[in-house]
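Student:
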Amino acid sequence: MAYVWKRFRRDPFALAGIAIIVLVTLSAFAAPLIAPFDPAEQFFDGLTLQGAPLAPGGNFLLGTDLLGRDLFSRLLYGARTSLIIGIVANGAAVLVGTTLGVIAGYFQGWIGAAIMRFTDLMMAFPALLLAIALAAIFTPSLWIVAMVIALVNWVQIARVVYAETTSLAARDYIEAAHALGANWPRILLFHIVPHLIPTMLVWATLGIATTVLLEATLSFLGIGVRPPTPSWGGIIFESQSYFLSAPWLVFFPGLAIMALALAFNLVGDVLRDALDPTQRGRT
Amino acid sequence: MIRYLSRRLAASGVILLGITLVTFSLTFLIPADPVRMIAGRSATPQAVESIRHQLGLDRPLPVQYVSYLVNLAQGDLGRSYVQKAEITTLIQSRLPATLLLMAGAIFFELLIGLPAGILAAARRGRSADRGIMVLSFMGVSTPQFVVGLLLLYVFANLLGWFPLSGYGTLGHLVLPALTLGIAGGGWYSRMMRSSMIEVLRQDYIRTARAKGVGERGVLLVHGLRNAILPVIAMIGLDIGIFMSGAVVVEAVYGWPGIGQLAWQAIQRVDIPIIMGVTLVAAVAIVIGNLLADLLAPLIDPRIRLR
Amino acid sequence: MKRPFLPAAVLAAALGISAAPALVPAAEQPKQGGSMVVTYKDDISTLDPAIGYDWQNWSMIKSLFDGLMDYKPGTTELIPDLAESYTVSDDGLIYTFKLRQGVKFHNGRGMTSADVLYSLNRAVDPTTQSPGQGFFAAIKGFDEMAGGSAKSLSGVTAPNAETVVIELSRPDATFLQVMAINFAFVVPKEDVDKYGADFGRNPVGTGAYKMTEWLLGQRVVFERNKDYFREGSPYLDQITFEVGQEPTVALLRLQRGEVDVLGDPIPSAQFLEVVNDPANKDLIVKGDLLHTGYLTMNVNTPPFDKKEVRQAVNMAINKDRVLRIVNNRGVAANQPLPPAMPGFDKSYTGYAYDPAKAKEMVAAAGYPDGVKTELFVMNTDPNPRIAQAIQQDLAAIGINADVKSLAQSVVIAAGGDGTAPMIWSGGMAWIADYPDPSNFYGPILGCGGAVPGGWNWSKYCNEELEARAQQADAMASPDMADKRVDLWRQIFVDIMADAPWAPVFNEVRYAMHSKRLAGDDIFYADPIHIPVHYEFVYDKDAQ
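Chains as they are written, first to last, in our numbering: chain E, 1 to 283; chain Y, 1001 to 1306; chain G, 2001 to 2543.
1) Using Cβ-Cβ distances below 9 Å, what residues of the stretch 2271-2299 of chain G are close to chain E?
2) DSSP three-state call for G/Ser2085: helix, strand or coil?
3) Give me the Cβ distance between G/Pro2073 and G/His2533, rounded to the nearest whole Å; I'm assuming they're in contact under 8 Å.
4) Along chain Y, in chain order, which residues have C-beta atoms closer than 7 Å to that of E/Ala209?
5) Taking 8 Å as the CB-CB cut-off, is G/Glu2466 touching chain Y?
6) For chain G, find out if any of its Cβ atoms is closer than 8 Å to the Cβ of E/Gln42; answer yes or no.
7) Per DSSP, which residues does G/Lys2286 bridge with? Please list them.
8) Are the CB atoms of E/Gly222 and G/Thr2380 nearer to each other than 8 Å?
9) Does the Cβ of Y/Val1218 have 16 or more other Cβ atoms within 10 Å, making it buried, or fewer, making it exposed?
10) So, G/Val2285 versus G/Asp2521, is the Cβ gap smaller than 8 Å?
11) If you measure from the beta carbon of E/Ile236 to each beta carbon in chain Y, is any gap under 8 Å?
12) Quick one: using the 10 Å Cβ neighbour count with 16 as the cut-off for buried, is E/Glu215 buried or exposed?
13) Can we say the stretch 2174-2181 of chain G touches the stretch 2423-2439 of chain G, given the rule of at least three CB pairs closer than 8 Å?
14) In whole angstroms, what is the alpha-carbon distance linking Y/Arg1209 and Y/Glu1215?
15) Are G/Ser2405 and E/Arg159 closer than 8 Å when you measure CB to CB?
16) Please report the distance separating the alpha-carbon of G/Val2187 from that of G/Met2145.
17) Identify every run of the beta strand (DSSP E) within the stretch 2381-2429 of chain G, keeping only runs that are complete inside it and at least 3 residues long; order them along the chain.
18) Does DSSP put E/Gly57 in a helix, a strand or coil?
19) Return helix, strand or coil for G/Lys2189, following the three-state DSSP convention.
20) Apart from the five residues on each side of it in sequence, which residues of its chain come closer than 7 Å, Cβ to Cβ, to G/Ala2123?
21) Grab the span of the alpha helix (DSSP H) containing G/Glu2273 for me, first residue to last.
22) Run the CB neighbour count on Y/Ala1116, radius 10 Å, all protein chains shown included, and call it buried at 16 or more, exposed below.
23) Which residues of the stretch 2236-2259 of chain G have a Cβ closer than 9 Å to any Cβ of chain Y? Give them in chain order.
24) What did DSSP end up calling E/Leu271 once you bin it into helix, strand or coil?
25) What residue does the beta strand (DSSP E) around G/Arg2224 start on, and which one ends it?
26) Leaving out five residues on either side along the sequence, give the residues of the same chain with a beta carbon under 8 Å from the beta carbon of G/Pro2303.
27) Rounded to whole angstroms, how far is the Cβ of E/Pro126 from the Cβ of Y/Ser1244, which I believe are closer than 8 Å?
28) Y/Val1249 lies in the alpha helix (DSSP H); which residues open and close that run?
29) Taking the C-alpha atoms as reference points, what is the distance between Y/Thr1098 and Y/Gly1257?
30) Any C-beta of chain G within less than 8 Å: which residues of the stretch 198-230 of chain E qualify?
31) With 8 Å as the threshold, decide whether the Cβ of E/Leu67 is near any Cβ in chain G.
32) Tell me Y/Arg1079's beta-bridge partners as DSSP assigns them.
33) Measure the beta-carbon distance from G/Ala2502 to G/Ile2317 and round it to whole angstroms, keeping in mind my assumption that it falls under 8 Å.
34) Using the Cα positions of G/Asp2081 and E/Tyr242, report the straight-line distance between them to the nearest angstrom.
35) Give me the chain E residues within the contact set of G/Asp2402, using Cβ-Cβ distance strictly less than 8 Å, ordered along the chain.
36) So, Y/Leu1178 versus Y/Phe1108, is the Cβ gap smaller than 8 Å?
Here it is in structure tokens:
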């Protein structure tokens, strides 16, 4: 742990990543306190007489959106959407993926083969098409979108966990545990899973980045969270045709999405280097 | 090799069959009635039922599925509900556009990724390295639609270097391909960098240097030749990622490919198109994955095709 | 721009003399020649007149095919087209059409009455799956043919090559409108047989243009039909329809002169700057659309089973704000019919905007602490935004609506099944099939549409109004036309008393064309031909 922290401290970019994550998390929590306006309130004067959104400055720090709502407030509350979906969806994906991967890797045989063929199947599916179809079936809401994303994302984790479990399960101390009479839940829980935690952590972090992007993309296609819940991708969806005349409506949310995804990518990357025993001691 | 290939092909066949099953089930779960969409808003209930019967949509689901497979085996993908055009024709007319887009994207991601990775490896640990790595992360972290809109705004609208949308000339291809390829460029630059670093530590590089080969020769000739192998091996996997990314990029740029077709089809519950496009995309992905697996020994010579 | 709904027979008598009258006096006709480019975002689905029913192909089909009747260009007046003249029996049941001589299909063959028979039967034939089948329900023999027990319409006969006789099972005031609708257009049997299901991609008709090229996903090209039976039209030699063009891009190309007409509406983002630019003054034409955007409320679902709540909703919506959101591209609506439709009641004031009173009404109806419900909307911009604006207005009177933004087909299914308490019609709003008030009643407010799967999403069924509607539609003779319109006017006012809908606005069309293209404004704002009347605009460069 201390070693991991040391590596972080030496890397300014990783630190920047952590800072961004902290900043976004704080905004999400403190949104009701910081936000100057109610993010759902549509101001009659938030639009020009002819219905155009207001540019940044004046009453509205970052301008207004196409319904006359304050962009800054919506960005702050939108952080909640991104984080909740990021954590929930990714958490679910990691859980499902790890469980299936561990079972497949430990038991092998026909269960393992079946699960692995299933992951092959899911990998061959164009992920976005699957997400779009699922979103059409289940009326989108925050939790449904999270579940849909999780369903699309669990595959990679499963495969990695499978490979690791396979090599772990072949080790001598597992055989020894068997011989001592430990049953498989014990072995899985106490001997295998702990070794998987670094991998899970890395994938969890990197996965949040993908999840944030996927949620933004789904919102961009119009199948994201339910209005008027603010979501960064959703703001871009509503404003995309105005990107030439009201670019702030694309720029600021786009920047936010990129920053959050970048932060998780950087942190995850450094985590991976730090937790990978073959990388120890190397620059 | 032959045994490996035939086994993989058999497995791929099963996977594709599975995909048709999953897609089929999904389309029937969508809470909308395609027959109502065809029959139009002024249709009598009688007309609706007549159309339903004619399309065979009143048969039990397993029967419909089997009949779909039978047609598929004969190369018939069916007809679009809404357009009444043959799916094969629709896909054939749009597939080249998407393939062209993917080819352009691969070109750009290599164009960006390779030099960046080589440079970063050569200047390892220094600011150029960090800078390139951060940029590559940014490329990976920015959503494609944002990249697309940004590129449109700057290069097409402000600078006017490229047309705003449409299809036909190389100029039309640049921005969409770049948008699709930027993320890949980010990945490849990192991969190229680590691969290059590995290679540069090898003995034969030391030998080359000792023989007096200049740094540039070392990098570009001896190093690149070996370092590029893992990158090439990964290109196959891109196809899967591009199939998804195509939907968004084609939407932003109005690119007439199958991504656009799929998106419209899902909105209208045009089941035959949804099945057809998903199948085509899945075939492409399976081929791509197979390619990547075949080339995997290039990454790690210890891997043997089993 | 409004044109009164003139009795068709008067016009028919006036014009029925000459063989192939030009619709614009010869002296004023511009020279033929030139070309234009029209852009669309979506691919064109089909050009088969029996099947095409979206707003893109509707007018294209009108230029490729003709029917027995048509509308005077730029107006909603009926005139005979492929028919040279017609007579109606005294009981209003038998229509005898005398066909024009010398009309040729694009394949060279002359059109005869057998073709008219074939085309009408084809539209009603269940195997064609025509969405317009239901329009022909008044023709004798319809039920048998639609039910499958007959192979053709017994009421449609051709005593000789120049005459078509159609017998109805009941007098129908909208019958001539139906003869002018795309589904009744005449097609040649040999080409339908030749192409089968692909006839929609290889259309052959009698119209002013013929289709010469179709590159899927890219463009469709029309060329002037030199054998067209109307002298002097169309003016353009060629029209190219480019598809896959984003409206924003299309607009920029139009300003650069690469494109002549925008098929899709001017994109909202650029709308203001384009409309305010004095350089564009002559290039933009404003026109009415037979369209109403409305909120439906399911009268079977609480809280909308109470009339007072529905009326309160009508009073709660700030229509000015909604109009501002759509850049004022419309006028506020207070009744189901749009202003250009006969039967529109100019003097009707509807429900005034009064959120305070509306809130009281909701509380008095049994919801003092408010009520939760759902508002369904189609998920393409700007509809989710409009729904959110309405949501805010409803919240102010105690109705907390959860906005469900879904794919169009899913919303339509929910509306048909009756599971949607409220639906914002945007993107699926009703645009008239033909300029007659009955078209705004039957499918969307009548009992016939209130069945499961029907388009009457408010499931409103008023038997008394239904009887009056049928009575109005039986008034087929031209001298009863005014009385009929009055009857309809009253029906719609009475519907508003029950308030199954909250009409919000009527869209106004803004068509934009390049400097090269000319022609009377009415052809750019033609209520029937959208975006423009392809046959009557002309190219300045060719003059």
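Yeah, the Cβ is synthetic: ideal placement off N, Cα and C, and Gly gets one too.
All values reported here derive from a predicted model rather than from experimental measurement.
Tutor: In short:
1) Those residues of the stretch 2271-2299 of chain G that come within reach of chain E (Cβ to Cβ, closer than 9 Å) are Phe2271, Leu2272, Glu2273, Val2275, Asn2276.
2) By 1-based counting over the third sequence, the position of residue 2085 of chain G is 85. In the structure shown, G/Ser2085 adopts extended strand secondary structure according to DSSP, grouped into three states.
3) Counting from one through the third sequence, the residue named residue 2073 of chain G turns up at place 73. Counting from one through the third sequence, the residue named residue 2533 of chain G turns up at place 533. Yes, they are in contact, since the Cβ atoms of G/Pro2073 and G/His2533 sit about 5 Å apart, within 8 Å.
4) Along the first sequence, read from residue 1 onward, the residue named residue 209 of chain E stands at position 209. Neighbours of E/Ala209 on chain Y, chain order: Ser1141.
5) The residue you call residue 2466 of chain G lines up with position 466 of the third sequence. Answer no: the Cβ-Cβ gap between G/Glu2466 and chain Y never drops below 8 Å.
6) Taking the first residue of the first sequence as 1, we reach residue 42 of chain E at position 42. Yes - at least one Cβ of chain G is within 8 Å of the one on E/Gln42.
7) Position 286 of the third sequence, counting from 1, holds the residue named residue 2286 of chain G. Under the DSSP definition of a beta bridge, G/Lys2286 partners with G/Tyr2510.
8) Looking up residue 222 of chain E in the first sequence gives position 222. Looking up residue 2380 of chain G in the third sequence gives position 380. Yes, the pair counts as a contact, with Cβ atoms nearer than the cut-off.
9) Here residue 1218 of chain Y refers to the residue found at position 218 when the second sequence is read from its first residue. So Y/Val1218 counts as buried.
10) As a position in the third sequence, residue 2285 of chain G is number 285, starting the count at 1. As a position in the third sequence, residue 2521 of chain G is number 521, starting the count at 1. Result yes, Cβ atoms of G/Val2285 and G/Asp2521 sit closer than 8 Å.
11) Translated into the one-based positions of the first sequence, residue 236 of chain E becomes position 236. At least one chain Y Cβ lies under 8 Å of E/Ile236.
12) Translated into positions along the first sequence, residue 215 of chain E becomes position 215. With 16 or more other Cβ atoms within 10 Å, it is buried.
13) The stretch 2423-2439 of chain G and the stretch 2174-2181 of chain G touch, with three or more beta-carbon pairs separated by less than 8 Å.
14) To locate residue 1209 of chain Y, count along the second sequence from 1; it is residue 209. To locate residue 1215 of chain Y, count along the second sequence from 1; it is residue 215. Computed Cα separation, rounded: 7 Å.
15) On the third sequence, residue 2405 of chain G is found 405 positions in, with the first residue counted as 1. On the first sequence, residue 159 of chain E is found 159 positions in, with the first residue counted as 1. No, Cβ-Cβ distance for G/Ser2405 and E/Arg159 is not below 8 Å.
16) Sequence index remark: in the third sequence, residue 2187 of chain G carries index 187 (1-based). Sequence index remark: in the third sequence, residue 2145 of chain G carries index 145 (1-based). Near 19 Å, if we compare the C-alpha coordinates of G/Met2145 and G/Val2187.
17) Every beta strand (DSSP E) of 3 residues or more that sits fully in the stretch 2381-2429 of chain G is shown, in chain order, as 2399-2406, 2422-2424.
18) Taking the first residue of the first sequence as position 1, residue 57 of chain E is located at position 57. DSSP places E/Gly57 in the strand class (E or B) of the three-state scheme.
19) Position 189 of the third sequence, counted from the start, is the residue given in the question as residue 2189 of chain G. DSSP, read as helix, strand or coil, puts G/Lys2189 in helix.
20) For the purposes of this step, residue 2123 of chain G is identified with residue 123 of the third sequence, where counting begins at 1. Correct list, in chain order: Ala2050, Ser2130, Gly2132, Gln2133, Phe2136, Phe2183, Ala2184.
21) Here residue 2273 of chain G refers to the residue found at position 273 when the third sequence is read from its first residue. Boundaries of the alpha helix (DSSP H) harbouring G/Glu2273: 2268-2276, taken from the DSSP string.
22) As a position in the second sequence, residue 1116 of chain Y is number 116, starting the count at 1. By the Cβ-count criterion, Y/Ala1116 is buried, with 16 or more other Cβ atoms from all chains shown falling within 10 Å of its own Cβ.
23) Taking a C-beta cut-off of 9 Å against chain Y, the contacting residues of the stretch 2236-2259 of chain G are Glu2242, Val2243, Gly2244, Gln2245, Glu2246, Thr2248, Val2249, Ala2250, Leu2252, Arg2253, listed in chain order.
24) One-based indexing of the first sequence puts residue 271 of chain E at position 271. Looking at E/Leu271 - three-state DSSP - the assignment turns out to be helix.
25) Against the third sequence, residue 2224 of chain G aligns to sequence position 224. 2219-2224 is the extent of the beta strand (DSSP E) around G/Arg2224.
26) Numbered from its first residue, the third sequence carries residue 2303 of chain G at position 303. Shown here for G/Pro2303: same chain residues with a beta carbon closer than 8 Å to its own, the five before and five after excluded, namely Val2309, Val2362, Ala2365, Gly2366, Tyr2367, Val2371, Thr2373, Ile2399 in chain order.
27) Taking the first sequence and counting its residues from 1, the one referred to as residue 126 of chain E is at position 126. Taking the second sequence and counting its residues from 1, the one referred to as residue 1244 of chain Y is at position 244. Yes, they are in contact, since the Cβ atoms of E/Pro126 and Y/Ser1244 sit about 5 Å apart, within 8 Å.
28) The count along the second sequence starts at 1 and reaches residue 1249 of chain Y at position 249. For Y/Val1249, the enclosing alpha helix (DSSP H) stretches over residues 1224-1253.
29) On the second sequence, position 98 is the one that residue 1098 of chain Y refers to. On the second sequence, position 257 is the one that residue 1257 of chain Y refers to. Their Cα atoms are separated by approximately 5 Å.
30) Going along the stretch 198-230 of chain E in chain order, one finds Gly222, Ile223, Arg226, Pro227, Pro228 with a Cβ nearer than 8 Å to chain G.
31) Taking the first residue of the first sequence as 1, we reach residue 67 of chain E at position 67. Taking a beta-carbon distance threshold of 8 Å, E/Leu67 counts as an interface residue toward chain G.
32) What you label residue 1079 of chain Y is simply residue 79 of the second sequence in a count that begins at 1. In DSSP, Y/Arg1079 forms a bridge with Y/Glu1086.
33) Start at 1 with the first residue of the third sequence, and residue 2502 of chain G comes out as number 502. Start at 1 with the first residue of the third sequence, and residue 2317 of chain G comes out as number 317. G/Ala2502 to G/Ile2317, Cβ: 6 Å. Contact.
34) As a first step, residue 2081 of chain G must be located in the third sequence, where it is residue number 81. As a first step, residue 242 of chain E must be located in the first sequence, where it is residue number 242. Between the C-alpha atoms of G/Asp2081 and E/Tyr242 there is a straight-line separation of about 44 Å.
35) As a first step, residue 2402 of chain G is located in the third sequence; it is residue number 402 there, counting from the start. Chain E residues near G/Asp2402: Arg226.
36) For this step, residue 1178 of chain Y is matched to residue 178 along the second sequence. For this step, residue 1108 of chain Y is matched to residue 108 along the second sequence. Yes, the Cβ-Cβ distance between Y/Leu1178 and Y/Phe1108 is below 8 Å.
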